[in-house]
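Engineer: Chains as they are written, first to last, in this note's numbering: chain A, 6 to 390; chain B, 38 to 525.
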């Protein structure tokens with residue numbers, strides 16, 4: 006309040022002086038019969054200054070596009086890399102660093118990438134990690150409710166033989182309002198009392214799973230794949246799924262083979278009991294293999310054997326496994342395979358030997374395999390036991 | 038090139054506008070009625086937002102009976118189409134057990150291998166008994182049979198390259214190979230009308246993608262110069278490699294690619310070329326070897342040649358033919374080779390037999406006959422259609438000929454009327470073509486006889502008059518010849 010008064014007085018004095026200047030006789034003029042007051046002159050000057058500034062070009066650094074000659078030179082100089090990298094000697098497939106991480110197969114990874122949606126990975130088959138990721142994504146996020154959200158899992162993971170715990174996933178899905186996409190290539194025709202897959206195995210009503218996809222090259226012994234869901238979901242895919250619209254349809258004989266396979270499974274559920282007893286027998290016999298341990302689920306038809314002690318170098322690990330496979334084939338005519346990894350695959354699960362059990366195997370086949378494998382791995386891995 | 042007259046464009050736009058308006062009206066009433074039903078599961082975002090499936094619900098479903106017609110026999114030149122009916126104005130269609138015998142103008146049966154063939158079928162049945170329908174295994178594990186290695190060598194020899202690799206599905210061949218060849222830091226230049234599988238492969242690879250005007254080597258050169266001089270976006274580092282992707286025959290236009298000019302441009306600027314011959318392998322060329330043979334291009338000039346077995350060979354699957362080093366690299370790194378079930382052995386045997394017939398190695402000249410017949414048939418059909426005044430796209434020698442329809446109402450009219458007269462045609466609309474450019478696509482086969490073609494021409498001409506798609510003036514019939522003869 007004290008400070009305000011002198012300021013106000015000073016301003017008033019200044020204004021009085023200015024108005025006096027304006028009202029001085031020389032500030033008035035009569036131009037063409039119109040009275041020009043002094044303040045009009047000042048305003049005119051100000052407007053002139055503004056217009057002058059506006060009309061000046063702003064400074065831009067001059068643009069110099071490349072001349073034709075320069076482009077020619079650049080094109081001549083440029084050397085492309087070779088179309089494919091040179092093949093290393095030995096021709097083994099490159100192995101990435103081993104860490105435990107998300108483990109979906111490449112087909113799923115590619116689909117996720119092409120969908121142009123935001124993809125968040127959680128730890129392989131770890132429900133606690135899934136729950137915490139879901140919590141993080143939805144907490145306090147009002148926008149999250151408007152967008153479509155999916156949990157993508159495989160029933161039996163191709164890269165590790167683990168089985169996804171569907172009952173827990175469904176509980177989480179209902180709590181956080183996500184939809185579930187289930188990839189059932191290896192469990193269709195294998196899990197469940199009548200072979201209907203993971204949902205039957207866990208006793209989860211099938212309506213709770215929104216989309217199920219599966220390849221028919223495994224239990225159904227044909228080629229191709231299918232996708233099921235509600236009528237709305239499937240009808241939408243008839244025009245919007247790129248692989249369906251822009252691709253030729255399955256040859257009729259393969260479709261017939263699939264139909265016959267499903268009919269056979271419905272009429273002869275004993276194949277499932279054979280398969281299960283074979284898997285159990287294999288687990289029992291291979292539980293004491295020197296140097297190798299079973300890392301897949303006890304019900305999975307993909308039996309995954311990995312090295313008990315890693316040598317520290319992925320290339321040596323793969324060498325050992327491949328040697329075991331080659332020797333088993335040569336000495337006992339048993340065909341087993343190691344897992345292969347493409348360098349485009351971002352899955353980081355460990356490599357191992359994969360055994361695919363069939364209902365057609367007999368008990369003697371299983372015992373022949375296990376004795377051969379035990380003998381060969383004992384000799385190959387003798388330095389690493 | 039499509040020459041869209043102004044009046045047609047206006048009427049087409051008006052029709053689509055009307056359909057859109059009616060669709061919105063029905064949606065509004067549906068929302069009103071559903072308000073009282075409240076059947077949507079609470080808390081979940083709807084699986085299709087708003088206008089995403091508007092086209093399917095309000096436009097496509099109205100004419101759903103023109104698409105996806107089930108057939109009940111092999112897709113030969115005449116086949117059985119299953120009759121369907123609908124009780125709820127085309128929302129769902131019910132099949133009956135009646136079939137109609139129709140002339141087939143829609144299947145990619147270029148050389149007639151779709152039906153039972155005297156050389157191929159017995160061998161296929163034998164291989165089915167010996168190897169079973171599926172190998173149940175990936176190629177690297179247990180899925181490579183003697184047939185697979187035989188076919189790879191045969192395909193490489195047929196196409197003129199040192200080595201080849203096979204895949205179970207044509208779509209996957211493109212979308213899984215392109216990411217193996219190029220990655221981040223590379224540039225893909227693709228034709229603006231390339232197939233969806235190439236687009237997906239390019240997106241999946243992570244490389245930058247630029248598009249050049251359809252079939253224009255001049256524009257390709259401009260794009261190449263600009264890109265090489267500019268380098269990668271933002272950092273301006275030089276590109277690691279550049280791949281130019283073109284197709285042999287574009288399936289929606291029926292045009293051949295201007296291959297010699299494009300190869301010349303690519304060689305000048307050191308870009309790699311990738312040729313997708315899905316529709317042209319086996320169907321064009323003196324001995325069926327594709328566009329390279331037809332246009333006189335040496336296969337060694339094209340870096341990678343891709344093709345499918347679905348069209349001319351009556352099977353399923355795809356292949357890539359290139360140099361030995363590239364194929365070796367692909368066998369080690371391509372996910373489709375390492376993870377996907379291998380091609381079905383009977384399908385492999387079908388391709389082996391078909392290629393042997395085409396090359397004449399089965400001891401007869403049926404292959405050469407088929408190739409001559411398909412060329413004759415396509416040229417005859419195309420010239421007759423043009424004479425009648427239809428707007429037909431495509432070049433000579435190409436067995437694919439799209440007839441422009443434009444208007445959305447003409448699509449079901451043309452399709453249903455032709456079916457009533459026992460000719461089955463395929464009509465294509467959005468999303469496979471641009472919205473305003475709907476067309477009916479005719480695929481000619483070597484197994485069509487001259488009578489079949491004349492009947493087809495007759496039916497199409499009558500239906501064309503009825504529906505009003507003769508956009509160009511028809512040529513008058515030749516009456517002057519009688520006068521000339523008198524003078525001789």
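Positions of the beta carbon are idealized from the N, C-alpha and C atoms, including for glycine.
Return the residue from the list A:175, A:117 and A:187 that minimises the CA-CA distance to residue 132 of chain A.
Structural biologist: Here residue 132 of chain A corresponds to residue number 127 of the first chain, with the count starting at 1. The shortest C-alpha separation from residue 132 of chain A is found at A:175.
Engineer: Could you check where the beta strand (DSSP E) with residue 67 of chain B kicks off and where it finishes?
Structural biologist: In the second chain, the residue the question calls residue 67 of chain B occupies position 30. Not the beta strand (DSSP E): residue 67 of chain B falls in the alpha helix (DSSP H), residues 43-72.
Engineer: Quick one: does residue 273 of chain A have its CB under 8 Å from some CB of chain B?
Structural biologist: Residue 273 of chain A sits at position 268 when you count from the first residue of the first chain. Residue 273 of chain A does not count as touching chain B.
Engineer: Which of the residues in the segment 363-378 of chain A, read from start to end, lie with their CB under 8 Å from any CB of chain B?
Structural biologist: Here the close residues number zero.
Engineer: Taking 8 Å as the CB-CB limit, is residue 317 of chain A close to chain B?
Structural biologist: Position 312 of the first chain holds residue 317 of chain A. By this cut-off, residue 317 of chain A is not an interface position.
Engineer: Taking all protein chains shown into account, decide if residue 92 of chain B is buried (16 or more other Cβ within 10 angstroms of its Cβ) or exposed.
Structural biologist: As a first step, residue 92 of chain B must be located in the second chain, where it is residue number 55. Answer is buried; the Cβ neighbour count reaches 16.
Engineer: Rounding to the nearest angstrom, what Cα-Cα distance links residue 425 of chain B and residue 257 of chain A in this structure?
Structural biologist: Position 388 of the second chain holds residue 425 of chain B. Position 252 of the first chain holds residue 257 of chain A. Rounded to the nearest angstrom, the two C-alpha atoms are 38 Å apart.
Engineer: Quick test of your reading: residue 166 of chain A and residue 309 of chain A, contact by CB under 8 Å. State the CB separation rounded to the nearest angstrom.
Structural biologist: In the first chain, residue 166 of chain A corresponds to position 161, counting from 1. In the first chain, residue 309 of chain A corresponds to position 304, counting from 1. With a Cβ gap of about 4 Å, residue 166 of chain A and residue 309 of chain A count as contacting.
Engineer: Whole-angstrom Cβ separation of residue 260 of chain B and residue 282 of chain B, contact assumed at under 8 Å?
Structural biologist: What you label residue 260 of chain B is simply residue 223 of the second chain in a count that begins at 1. What you label residue 282 of chain B is simply residue 245 of the second chain in a count that begins at 1. Rounded, the Cβ-Cβ distance is 13 Å, inconsistent with contact.
Engineer: Taking Cβ-Cβ distances below 7 Å as the criterion, which residues of the segment 384-400 of chain B are in contact with chain A?
Structural biologist: Those would be 384, in chain order.
Engineer: Which same chain residues, not among the five before or five after residue 422 of chain B, have their C-beta less than 6 Å away from its C-beta?
Structural biologist: Along the second chain, read from residue 1 onward, the residue named residue 422 of chain B stands at position 385. Same-chain partners within the cutoff: 429.
Engineer: Determine the extent of the alpha helix (DSSP H) in which residue 200 of chain B is found, giving its start and end residues.
Structural biologist: Along the second chain, one-based indexing puts residue 200 of chain B at 163. No alpha helix (DSSP H) contains residue 200 of chain B, which is instead part of the beta strand (DSSP E) from 200-204.
Engineer: Going by DSSP in three states, residue 188 of chain A sits in which element: helix, strand or coil?
Structural biologist: Within the first chain, numbered from 1, the residue matching residue 188 of chain A stands at position 183. Residue 188 of chain A: strand per DSSP, three-state reduction.
Engineer: Checking the sheet assignment: what are the DSSP bridge partners for residue 308 of chain A?
Structural biologist: Start at 1 with the first residue of the first chain, and residue 308 of chain A comes out as number 303. A:360.
Engineer: From the DSSP output, read off the bridge partner residues of residue 220 of chain A.
Structural biologist: In the first chain, residue 220 of chain A corresponds to position 215, counting from 1. DSSP output for residue 220 of chain A lists A:230 as bridge partner(s).
Engineer: At 3 residues or longer, what runs of the beta strand (DSSP E) sit wholly inside the segment 94-138 of chain B?
Structural biologist: Those beta strand (DSSP E) runs which fall completely within the segment 94-138 of chain B and span 3+ residues are 115-122.
Engineer: Between B:111, B:181, B:133 and B:366, which lies nearest to residue 152 of chain B when the distance is taken from Cα to Cα?
Structural biologist: The residue given as residue 152 of chain B occupies position 115 in the second chain. It is B:111 whose Cα lies nearest to the Cα of residue 152 of chain B.
Engineer: Would you list, in sequence order, the uninterrupted alpha helix (DSSP H) runs of no fewer than 4 residues that lie entirely inside the segment 383-468 of chain B?
Structural biologist: Correct list: 403-425 and 447-457.
Engineer: Could you tell me whether the Cβ of residue 57 of chain B comes closer than 8 Å to any Cβ of chain A?
Structural biologist: Taking the second chain and counting its residues from 1, one reaches residue 57 of chain B at position 20. It does not: the Cβ of residue 57 of chain B has no partner Cβ on chain A nearer than 8 Å.
Engineer: For residue 188 of chain A, tell me which candidate among A:169, A:181, A:291 and A:198 has the shortest Cα-Cα distance.
Structural biologist: Taking the first chain and counting its residues from 1, the one referred to as residue 188 of chain A is at position 183. If we check each option's Cα against that of residue 188 of chain A, A:169 comes out closest.
Engineer: Which residues does DSSP list as the beta-bridge partners of residue 344 of chain B?
Structural biologist: Counting from one through the second chain, the residue named residue 344 of chain B turns up at place 307. Answer is B:356, bridged to residue 344 of chain B.
Engineer: Report, in whole angstroms, the separation of the C-beta atoms of residue 329 of chain A and residue 381 of chain A, which I expect to be a contact under 8 Å.
Structural biologist: Translated into positions along the first chain, residue 329 of chain A becomes position 324. Translated into positions along the first chain, residue 381 of chain A becomes position 376. With a Cβ gap of about 5 Å, residue 329 of chain A and residue 381 of chain A count as contacting.
Engineer: Going by beta carbon distance, what residues of the same chain come within less than 8 Å of residue 375 of chain A, once the five residues before and after it are set aside?
Structural biologist: Here residue 375 of chain A refers to the residue found at position 370 of the first chain. Here the set comprises 287, 290, 291 and 294.
Engineer: Between the C-alpha atoms of residue 203 of chain A and residue 121 of chain A, what's the straight-line distance to the nearest angstrom?
Structural biologist: One-based indexing of the first chain puts residue 203 of chain A at position 198. One-based indexing of the first chain puts residue 121 of chain A at position 116. If I take the Cα positions, the gap works out to 28 Å.
Engineer: Give a yes or no on whether the C-beta atoms belonging to residue 340 of chain B and residue 323 of chain A are separated by under 8 Å.
Structural biologist: Mapped onto the second chain, residue 340 of chain B falls at position 303. Mapped onto the first chain, residue 323 of chain A falls at position 318. No, the Cβ-Cβ distance between residue 340 of chain B and residue 323 of chain A is not below 8 Å.
Engineer: With a threshold of 16 other CB atoms inside 10 Å of the CB of residue 300 of chain B, please say whether the residue is buried or exposed.
Structural biologist: By 1-based counting over the second chain, the position of residue 300 of chain B is 263. It counts as buried.
Engineer: Would you please verify whether the beta carbon of residue 258 of chain A is less than 8 Å from any beta carbon of chain B?
Structural biologist: Mapped onto the first chain, residue 258 of chain A falls at position 253. It does; some Cβ of chain B falls within 8 Å.
Engineer: Could you check whether the segment 65-85 of chain A touches the segment 263-275 of chain B, counting it as contact only if at least three pairs of C-beta atoms, one from each stretch, sit closer than 8 Å?
Structural biologist: Result yes; three or more Cβ-Cβ pairs closer than 8 Å.
Engineer: Counting only Cβ-Cβ distances shorter than 7 Å, please list the residues of the segment 137-149 of chain A near chain B, keeping chain order.
Structural biologist: Answer in chain order: no residues at all.
Engineer: Any beta carbon of chain A sitting closer than 8 Å to that of residue 143 of chain B?
Structural biologist: Walking along the second chain from the start, residue 143 of chain B turns up at place 106. By this cut-off, residue 143 of chain B is not an interface position.
Engineer: Looking at the structure shown, is residue 115 of chain A part of a helix, part of a strand, or coil, going by DSSP?
Structural biologist: Taking the first residue of the first chain as position 1, residue 115 of chain A is located at position 110. Reduced to three states, the DSSP call for residue 115 of chain A is helix.
Engineer: By a C-beta neighbour count over all protein chains shown, 10 Å radius and 16 as the cutoff for buried, is residue 383 of chain A buried or exposed?
Structural biologist: The residue you call residue 383 of chain A lines up with position 378 of the first chain. Residue 383 of chain A is exposed by the Cβ-count criterion.
Engineer: What does a CB cutoff of less than 7 Å around residue 249 of chain A pick up in its chain, not counting 5 residues either side in sequence?
Structural biologist: As a position in the first chain, residue 249 of chain A is number 244, starting the count at 1. Hits under 7 Å: 242 and 243.
Engineer: So, does the segment 196-206 of chain B touch the segment 331-346 of chain B, judging by three or more C-beta pairs under 8 Å?
Structural biologist: Touching, yes, given that three or more Cβ pairs across the two stretches are closer than 8 Å.
Engineer: Among B:262, B:233 and B:221, whose alpha-carbon lies nearest the alpha-carbon of residue 242 of chain B?
Structural biologist: In the second chain, counting from the first residue as 1, residue 242 of chain B sits at position 205. Looking at the Cα atoms, B:221 is the closest of the given residues.
Engineer: Anything in chain A within Cβ reach of residue 363 of chain B, meaning under 8 Å, just list it in chain order.
Structural biologist: On the second chain, residue 363 of chain B is found 326 positions in, with the first residue counted as 1. Within chain A, the residues near residue 363 of chain B are 88 and 89.
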